[in-house]
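**Q**
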Amino acid sequence: MKIYTYKNCSTCRKAVAHLKNAGQDFEEIPIRDIPPTVEELKRMLKALDGDVKALFNRSGQDYRALNLKDQLPQMSEAEALTLLASNGNLVRRPFAFIGRNGVVGYDAKVWDDALK
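As C-alpha cells, this is what we get:
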C-alpha cells in the first residue's frame, strides 16, 4: 500500500493514524518531494470515474496562484496530469492506493471500505 502525504497536513495525519489503527503496512511518500507519477494519476483518475478536478488540491495556494479554477476547464487531461505530476502541492491529499482501490482526501468510511 502506498500513501502520499504532507507532514503538516492534519488530514494526512488522520489517514496515517487510520491505517496504523487498522494494522495496515504501508509506504508513506512525501507528496511535495515526490509527487505521484502520470501513470499513478491515470490510475487514480480511473478510480475517480474520470473526474480530473477531484485530483487537485483546490484549496491550496499553488492552485490559486496558477489561477487553475479558470485554467483547468480548458486543459486537456494529459496537460492536467502532467501539471500534477510536476507539482505535488497541487495534488489533493492524502493520495493513496489501497489494493486495487484509489482514494484521495480522507473520509473514514471510504477508507474502511477500501481496506475491505
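Residue numbers 1 to 116, in our numbering, belong to the letters of the sequence shown in order. Ideal placement from N, C-alpha and C gives every residue a C-beta, glycine not left out. Keep in mind that this is a model prediction, so the values were computed, not measured.
Could you compute how far the alpha carbon of Asp118 sits from the alpha carbon of Gly99?
**A** The structure shown does not extend to residue 118, since the chain spans only 1 to 116, so no value can be given for it.
**Q** Return the first residue and the last residue of the beta strand (DSSP E) that Lys159 is part of.
**A** No statement about residue 159 is possible, as the shown extent of the chain runs from 1 to 116 and does not include it.
**Q** If I measure Cβ to Cβ from Cys9 and keep anything under 7 Å in the same chain, skipping five residues before and after, which residues do I get?
**A** Within the same chain, Cys9 has close Cβ partners Arg93.
**Q** Leaving out the 5 sequence neighbours to the left and right, which residues in its chain are closer than 6 Å to Val104 when beta-carbon positions are compared?
**A** Closer than 6 Å at Cβ, skipping near neighbours: Arg92, Phe95.
**Q** Can you give, in chain order, each stretch of the beta strand (DSSP E) that sits fully within the region 19-71 and has at least 3 residues?
**A** 27-30, all fully within the region 19-71.
**Q** Using CA atoms only, rank isn't needed, just tell me which of Glu79, Leu81, Lys53 is closest to Lys69.
**A** If we check each option's Cα against that of Lys69, Lys53 comes out closest.
**Q** Should the region 73-82 be regarded as contacting the region 37-51, the criterion being three or more beta carbon pairs within less than 8 Å?
**A** With the cut-off at 8 Å, the region 73-82 and the region 37-51 touch.
**Q** In chain order, what residues of the same chain lie with their CB nearer than 6 Å to the CB of Leu19, ignoring the 5 residues before and after it?
**A** Hits under 6 Å: Phe26.
**Q** Based on the DSSP output, what are the partners of Asn101 in its beta bridges?
**A** Asn101 pairs with Ile98.
**Q** Spatial neighbours of Ile31 within its chain, please: C-beta separation below 7 Å, excluding the five flanking residues on both sides.
**A** Excluding residues within five positions, the ones whose Cβ falls inside 7 Å are Tyr4, Thr5, Tyr6, Gly88, Val91, Arg93, Phe95.
**Q** How far does the alpha helix (DSSP H) with Leu84 in it extend, from its first residue to its last?
**A** Segment 77-86, the alpha helix (DSSP H) holding Leu84.
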